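Yeah, the sequence shown ends on 1052 if you go by the numbering used here, and it's all consecutive.
Each residue gets a CB set at the ideal place from its N, CA and C atoms; glycine is no exception.
Please read all numbers here as calculations on a predicted model, not as lab measurements.
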Amino acid sequence: ARKAKARPFGGRLDPYKPITDSELPAFLPRRGQDSLVRAPRIEERLLTHVEAAKALKARLPEWSVAVYQELVKRWPEGVAEEELDAAAQQLTARVQLNVVGG
């Protein structure tokens, strides 16, 4: 029977019938969950006044002691690297005077 590859009992017996007849449940994907692991925080590096002055001196043609004093006055803790462009604009901006009362 094996060499002839004949089915047992004349093909009346299907050994896989319980598997093919059974209905499998529909599987639903699991819902996602919030991760308990926190993403690493990247903190900005604050430049000291001297480091900021060196970086700004190359950008500002009119560098003076007064500009350095204004830098220390406006940013007492130091200047963030990303704020250097804004700091350069603020330090070079002229103060606009307005006439009051007359």
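V1029 burial status per 10 Å Cβ neighbour count (16 or more: buried): So V1029 ends up on the buried side.
Per DSSP, which one or two residues make a beta bridge with V1029? Beta-bridge pairing links V1029 to L997.
How long is the line joining the alpha carbons of V987 and A1008, rounded to whole angstroms? For V987 and A1008, the distance between alpha carbons rounds to 42 Å.
Checking 8 Å against the spacing of the C-beta atoms, do L1041 and E1020 come in under that value? Yes, Cβ-Cβ distance for L1041 and E1020 is below 8 Å.
Is A956 buried or exposed, if buried means 16 or more other CB atoms sit within 10 Å of its CB? Using a 10 angstroms sphere on the CB of A956, the tally of other CB atoms stays under 16, which defines it as exposed.
Simplified DSSP state of D964, which is helix, strand or coil: In the structure shown, D964 adopts coil according to DSSP, grouped into three states.
If R991 sits next to E1031, beta carbons under 8 Å apart, how far is it from one beta carbon to the other, in whole angstroms? No, R991 and E1031 are not in contact; Cβ-Cβ is about 16 Å, not under 8 Å.
W1025 versus A989: straight-line alpha-carbon distance, rounded: One alpha carbon belongs to W1025, the other to A989, and they sit about 29 Å apart.
From L1056 to E1012, what distance separates their C-alpha atoms? Within the shown structure, residues of the chain are numbered from 951 to 1052, placing residue 1056 beyond reach of any answer.
Helix, strand or coil: how does DSSP classify F959 here? Shown here, F959 sits in a helix according to DSSP, grouped into three states.
Helix, strand or coil at I969 [DSSP, three-state]: The DSSP-derived three-state label of I969 is helix.
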